[in-house]
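Counting along the sequence shown from 1, when you hit position 5 you're at 5 in full-length UniProt numbering, and nothing is skipped either side.
Note that CB positions come from ideal geometry on N, CA and C, so glycine has one too.
Computed from a predicted model, the values in this text were never measured in an experiment.
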Amino acid sequence: MSQQYAIRYNIRSHTVFKSDEVIRKVASLIDEKKHKVNLGKPDKVILIEIFQLFCGVSVVDGEEWEALKRYNMNALYSLGVTGDEGVGGLKSTDSRTECLTSE
Numbered sequence: 001m002s003q004q005y006a007i008r009y010n011i012r013s014h015t016v017f018k019s020d021e022v023i024r025k026v027a028s029l030i031d032e033k034k035h036k037v038n039l040g041k042p043d044k045v046i047l048i049e050i051f052q053l054f055c056g057v058s059v060v061d062g063e064e065w066e067a068l069k070r071y072n073m074n075a076l077y078s079l080g081v082t083g084d085e086g087v088g089g090l091k092s093t094d095s096r097t098e099c100l101t102s103e
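1. Give the single residue among Tyr71, Tyr5, Tyr77 and Phe17 whose Cα lies nearest to the Cα of Cys55.
2. What's the C-alpha gap between Ser2 and Asp20?
3. Under 8 Å Cβ to Cβ from Tyr9, same chain only, skipping five residues before and after it: list those, please.
4. Where Thr15 and Lys25 are concerned, what is the direct C-alpha to C-alpha distance, given to the nearest angstrom?
5. Quick one: Cα of Leu76 to Cα of Lys69, how far?
6. In whole angstroms, what separates the C-alpha of Glu32 from that of Ala6?
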């Protein structure tokens, strides 16, 4: 089954590998006849995290990745959890305001 994909990376405290080198290496492992690059709305996102000497690689669903604010914890903090809205039950609220007014 053909999938469209994007490669996203985060490199911190590491000077050996450069971002374009990481993307080229990972992309070379993917069958380009079967799978196509789509940076706007990919079916799958290949996440690469490099921190010092450690490297993590994940393949996640593209739609969920966008709906969950690209796994940005600061952006997710501003979302409240409900039982019936959005991916994973997330609905936009400002929980910081609720905490301040409930005292």
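Taking the coordinates as given:
1. Residue mapping note: residue 55 aligns to position 55 of the sequence shown, counting from 1. When only C-alpha atoms are compared, the closest one is Phe17.
2. Position 2 of the sequence shown, counting from 1, holds the residue named residue 2. Position 20 of the sequence shown, counting from 1, holds the residue named residue 20. Computed Cα separation, rounded: 25 Å.
3. Within the sequence shown, numbered from 1, the residue matching residue 9 stands at position 9. Counting only Cβ-Cβ distances below 8 Å, and skipping sequence neighbours, we find Ser19, Val22, Ile23, Leu47, Ile48, Glu49 and Ile50.
4. To locate residue 15, count along the sequence shown from 1; it is residue 15. To locate residue 25, count along the sequence shown from 1; it is residue 25. The C-alpha of Lys25 is placed about 16 Å away from the C-alpha of Thr15.
5. One-based indexing of the sequence shown puts residue 76 at position 76. One-based indexing of the sequence shown puts residue 69 at position 69. Distance between the alpha carbons of Leu76 and Lys69: 7 Å.
6. The residue given as residue 32 occupies position 32 in the sequence shown. The residue given as residue 6 occupies position 6 in the sequence shown. A direct Cα-Cα distance of roughly 12 Å separates Glu32 from Ala6.
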